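Numbering (the numbering used here), first residue to last: 892 to 1483. Using N, Cα and C, we set each Cβ at its ideal position, and we do this for glycine too. The structure presented is a predicted model; accordingly, all values stated were derived computationally and were not measured. Following: one structure in structure tokens, then a few remarks.
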């Protein structure tokens, strides 16, 4: 049966003890190293609990990691950063970096005081939330941020606490393999890559063993929403229906774990998924893209009718060029898959919206093929703002100028959406009116109002329709260009600043620093609470939006990390040395 024991988190240290604790930490023999540790075994000869659970469907063979000289990709980062050449501009950047760190420190200190060891701090009430297994998601997600921000005392305390996380016990009936992978495994791997502390790699192996058990199915496809209690009891399970991001976003973490330990079992597990995706990529209803819904039990990745690069699909595409960067191009299939996907997405999913200022921007929408040919649903999502940064990375790695062109317009599209709304923040989802076919895209207020009516299910051709459109616009607080805003929340998400950061590192565009500062100050103003920062329910509200008492771990693990990095020297976590997983955890690239 499932082993149950109390998690051994370190008690919060009083301020006076920090110096003593720090001296003990850096004076101890933690065996920091960057090489393989113990053949992938986290607890000596015995291994972790999950490595000892009986296996029902062992793989017939384990594919080894590919070998050979890595490809010398072109530099991702530019060498020209005008803001670094001007003393006043550099000083302004450094002051902004300090401001970001202050916001991080406030949130971290409140988590430490009120929710230490919990997955999340409730930033309004000061309570605790455990939605990700009860394994201290915020603590693990923030490890590398602490290191990057040079908060070494806090990092040391957090690492010692992380040693006590018990990955054999959870109160949840099911865990998300995807979330456990990107937050916990990704967090430990990144913190190890940065610090070299072997305790972090041992925890990564422990989580890796846990997740590997989710692949113990007849066809070796993972169970994405997994009953680990049943697994611990030795019960057989089969894969469930899933969305493409759940199965397609395990490759970076599993591969990096194999690279660090020398144990290829994790790489073999995710490569089976990649092979199935590659084999079916050209046979979907929109060849080049995979449908949102997939069937793990039957290993079917090509039968759905909804195609998006947004929610529930995003990171499956994100990991294609990033796997090339991580592995030094040793598996050409990832570049091929990326190029096919971006060619199709550029043709069918990306659209230029009508804007009152006639901006030359792009938004990534959703395509439905159910009833007829591909039909665009012109919905923009905050989540899909990652795409501009991704295409900038892919464009640089693979020399695809068309991807770089699209990347700039996608990033500018998310920036425009931020600026167009009253609090300077983009909500979860918006609808916009696509420009008509052809080269021209001049603002047409009548066309915009017709689309507002159509989106509301109203007749746009009858008498009085203009007045009806005005009433909807007023009632829904629609800024010009938006035809509907179905989800007005802002969840402290990172995707927009992620792409602004990447595009800045790629191009050196100085205006992006000003954009990032505007975004940061707008977000902090709208979301700040007495304790930290909170998701807010309506970024179109006239007054300060209502706080939702929710602070996901990615606020410290992603959003503030990207804000800090864009205001850092360009050599800090260089994109030519590191590649980020979808939770903003930087992994070292294979360069030689």
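Check your understanding: Residues bridged to residue 1271 by DSSP?
Key -> Walking along the chain shown from the start, residue 1271 turns up at place 380. Beta-bridge partners of residue 1271 (DSSP): 1321.
Practice item. Report the three-state DSSP secondary structure of residue 1023 (helix, strand or coil). Key: One-based indexing of the chain shown puts residue 1023 at position 132. The answer is coil: DSSP assigns residue 1023 none of H, G, I, E or B.
Review point. Does the ligand NAP have a heavy atom nearer than 6 Å to the CB of residue 1101?
Key: The ligand NAP is not part of this structure, which contains no ligands at all.
Check your understanding: Taking just the CA atoms, how far does residue 1250 sit from residue 1434?
Key -> Looking up residue 1434 in the chain shown gives position 543. Looking up residue 1250 in the chain shown gives position 359. So the two alpha carbons sit approximately 28 Å from each other.
Exercise for review: Report all residues from its chain with a CB closer than 7 Å to the CB of residue 1478; omit the five preceding and five following residues, and keep chain order.
Suggested key: Against the chain shown, residue 1478 aligns to sequence position 587. 1080, 1081, 1084, 1143, 1147, 1217, 1469, 1470 and 1472, listed in sequence order.
Review point. Among residues of its own chain, excluding the 5 on either side of residue 936, which ones have a beta-carbon nearer than 8 Å to its beta-carbon?
Key: Within the chain shown, residue 936 is the residue found at index 45, counting from 1. Its pLDDT being 44, under 50, residue 936 is placed unreliably in this model, and the coordinates cannot settle the point.
Review point. For residue 1272, which option in 1456, 1137, 1066 and 1376 has the closest C-alpha, if you only look at C-alpha atoms?
Key: The count along the chain shown starts at 1 and reaches residue 1272 at position 381. Comparing alpha-carbon positions, the option among 1456, 1137, 1066 and 1376 lying closest to residue 1272 turns out to be 1376.
Point to revise | Bridge partner(s) assigned by DSSP for residue 1038 | key: Start at 1 with the first residue of the chain shown, and residue 1038 comes out as number 147. Answer is none; residue 1038 lacks a bridge partner.
Point to revise | Option in 942, 1276 and 1360 with minimal Cα separation from residue 858 | key: Examination of residue 858 is not possible in this model, given that the chain is present from 892 through 1483 alone.
Review point. Which class does residue 1145 belong to by DSSP, given the choice of helix, strand or coil?
Key: Here residue 1145 refers to the residue found at position 254 when the chain shown is read from its first residue. DSSP places residue 1145 in helix when its eight states are reduced to three.
Point to revise | Residue from 1316, 1463 and 1338 with nearest C-alpha to residue 1426 | key: Looking up residue 1426 in the chain shown gives position 535. In terms of Cα proximity to residue 1426, the closest of 1316, 1463 and 1338 is 1316.
**Study point:** residue 1025 and residue 1061 closer than 7 Å at C-beta
**Key:** Along the chain shown, read from residue 1 onward, the residue named residue 1025 stands at position 134. Along the chain shown, read from residue 1 onward, the residue named residue 1061 stands at position 170. In contact: residue 1025 and residue 1061 (Cβ atoms closer than 7 Å).
Practice item. Could you check if residue 925 is buried or exposed, using at least 16 other CB atoms within 10 Å of its CB as the buried criterion? Key: As a working mapping, residue 925 is identified with position 34 in the chain shown. For residue 925, the pLDDT reaches just 36, beneath the cut-off of 50, and the residue's location in the model is therefore unreliable, although a value from the coordinates is still provided. Exposed, since its Cβ has fewer than 16 Cβ neighbours within 10 Å.
Review point. From residue 1442 to residue 1012, what does the alpha carbon distance come to, in whole angstroms?
Key: The residue you call residue 1442 lines up with position 551 of the chain shown. The residue you call residue 1012 lines up with position 121 of the chain shown. Going by the C-alpha atoms only, they are around 6 Å apart.
Exercise for review: Using three-state DSSP, classify residue 1157 as helix, strand or coil.
Suggested key: One-based indexing of the chain shown puts residue 1157 at position 266. Reduced to three states, the DSSP call for residue 1157 is helix.
Practice item. With DSSP as the reference, label residue 1116 as helix, strand or coil. Key: Translated into positions along the chain shown, residue 1116 becomes position 225. DSSP places residue 1116 in strand when its eight states are reduced to three.
Check your understanding: Would the segment 1313-1328 and the segment 1222-1232 be scored as touching if the rule is three or more Cβ pairs under 8 Å?
Key -> Remark: fewer than three beta-carbon pairs, one from each stretch, lie closer than 8 Å, so the segment 1313-1328 and the segment 1222-1232 are not flagged as touching.
Point to revise | Reduced DSSP secondary structure (H/G/I, E/B, other) of residue 1478 | key: Residue 1478 sits at position 587 when you count from the first residue of the chain shown. Of the three classes helix, strand and coil, the one that applies to residue 1478 here is strand, per DSSP.
Review point. By Cβ distance below 7 Å, which residues in the same chain neighbour residue 1063 in space, the five residues on each side in sequence not counted?
Key: Reading the chain shown from its first residue, position 172 is the one you call residue 1063. Around residue 1063: 1024.
Practice item. Report all residues from its chain with a CB closer than 7 Å to the CB of residue 1308; omit the five preceding and five following residues, and keep chain order. Key: The residue given as residue 1308 occupies position 417 in the chain shown. Around residue 1308: 1271, 1317 and 1321.
**Study point:** Backbone secondary structure at residue 944 - three-state DSSP
**Key:** Sequence index remark: in the chain shown, residue 944 carries index 53 (1-based). Three-state DSSP puts residue 944 in coil, outside helix and strand.
Practice item. At 4 residues or longer, and completely inside the segment 1211-1268: list those alpha helix (DSSP H) runs for me, N to C. Key: With a minimum length of 4 residues, the continuous alpha helix (DSSP H) runs that stay inside the segment 1211-1268 are 1224-1239.
Check your understanding: From this set, 988, 1099 and 965, which residue's C-alpha is nearest residue 1160's C-alpha?
Key -> Mapped onto the chain shown, residue 1160 falls at position 269. Ranked by Cα distance from residue 1160, the first of 988, 1099 and 965 is 1099.
Check your understanding: Counting Cβ pairs, one atom from each stretch, are 3 or more of them under 8 Å apart for the segment 1348-1361 and the segment 1247-1266?
Key -> At 8 Å Cβ cutoff, the stretches do not touch.
Exercise for review: State the Cα-Cα distance for the pair residue 914 and residue 997, rounded to the nearest angstrom.
Suggested key: Locating residue 914 in the chain shown gives position 23, where the first residue counts as 1. Locating residue 997 in the chain shown gives position 106, where the first residue counts as 1. Low per-residue confidence applies at residue 914: pLDDT is 36, beneath 50, and the placement is therefore not dependable, though the value from the model is reported in the following sentence. Using only the alpha carbons, I get a separation of about 24 Å.
Point to revise | Local conformation of residue 1194 per DSSP, three classes | key: Residue mapping note: residue 1194 aligns to position 303 of the chain shown, counting from 1. Residue 1194: coil per DSSP, three-state reduction.
Review point. Going by Cα to Cα distance, which pick from 947, 1010 and 1086 is closest to residue 1071?
Key: For the purposes of this step, residue 1071 is identified with residue 180 of the chain shown, where counting begins at 1. Checked all of 947, 1010 and 1086; the closest Cα to residue 1071 is 1010.
Exercise for review: Would you tell me roughly how many angstroms separate the C-alpha atoms of residue 1123 and residue 955, rounded to the nearest one?
Suggested key: Reading the chain shown from its first residue, position 232 is the one you call residue 1123. Reading the chain shown from its first residue, position 64 is the one you call residue 955. So the alpha carbons of these two residues sit roughly 28 Å apart.
**Study point:** Beta-carbon contacts of residue 931 that lie in its chain and below 6 Å, excluding the five residues immediately before and after
**Key:** As a first step, residue 931 must be located in the chain shown, where it is residue number 40. Since pLDDT at residue 931 reaches only 36, below the 50 mark, its modelled position is unreliable, and no value is offered.
Exercise for review: Label residue 1327 either buried or exposed according to how many other C-beta atoms from any shown protein chain fall within 10 Å of its C-beta, with 16 as the threshold for buried.
Suggested key: Counted from its first residue, the chain shown places residue 1327 at position 436. Counting the other Cβ atoms within 10 Å of the Cβ of residue 1327 gives fewer than 16, which makes it exposed.
Check your understanding: How big is the Cα-Cα spacing for residue 1220 and residue 1467?
Key -> Translated into positions along the chain shown, residue 1220 becomes position 329. Translated into positions along the chain shown, residue 1467 becomes position 576. Here the alpha carbons of residue 1467 and residue 1220 stand approximately 14 Å from one another.
**Study point:** Reduced DSSP category for residue 845 - H, G, I as helix; E, B as strand; rest coil
**Key:** Outside the shown range of the chain, which is 892 to 1483, sits residue 845, and nothing can be said about it.
Practice item. For residue 1028, I'd like the list of residues in its chain whose CB is within less than 6 Å of its CB, leaving aside the five on either flank, ordered along the chain. Key: Translated into positions along the chain shown, residue 1028 becomes position 137. Excluding sequence neighbours, residue 1028 sits near 1010, 1074 and 1444.
Practice item. Using the Cα positions of residue 1163 and residue 1252, report the straight-line distance between them to the nearest angstrom. Key: The residue you call residue 1163 lines up with position 272 of the chain shown. The residue you call residue 1252 lines up with position 361 of the chain shown. The straight-line gap from Cα to Cα measures roughly 38 Å.
Check your understanding: Thinking just about the alpha-carbon of each residue, which of 1135, 1416, 1304 and 1300 is nearest to the one in residue 1113?
Key -> If you number the chain shown from 1, residue 1113 lands on position 222. Checking every option, the nearest Cα to that of residue 1113 belongs to 1135.
Check your understanding: Hey, residue 1323 and residue 1269: beta-carbon distance below 7 Å or not?
Key -> By one-based count along the chain shown, residue 1323 stands at place 432. By one-based count along the chain shown, residue 1269 stands at place 378. Result yes, Cβ atoms of residue 1323 and residue 1269 sit closer than 7 Å.
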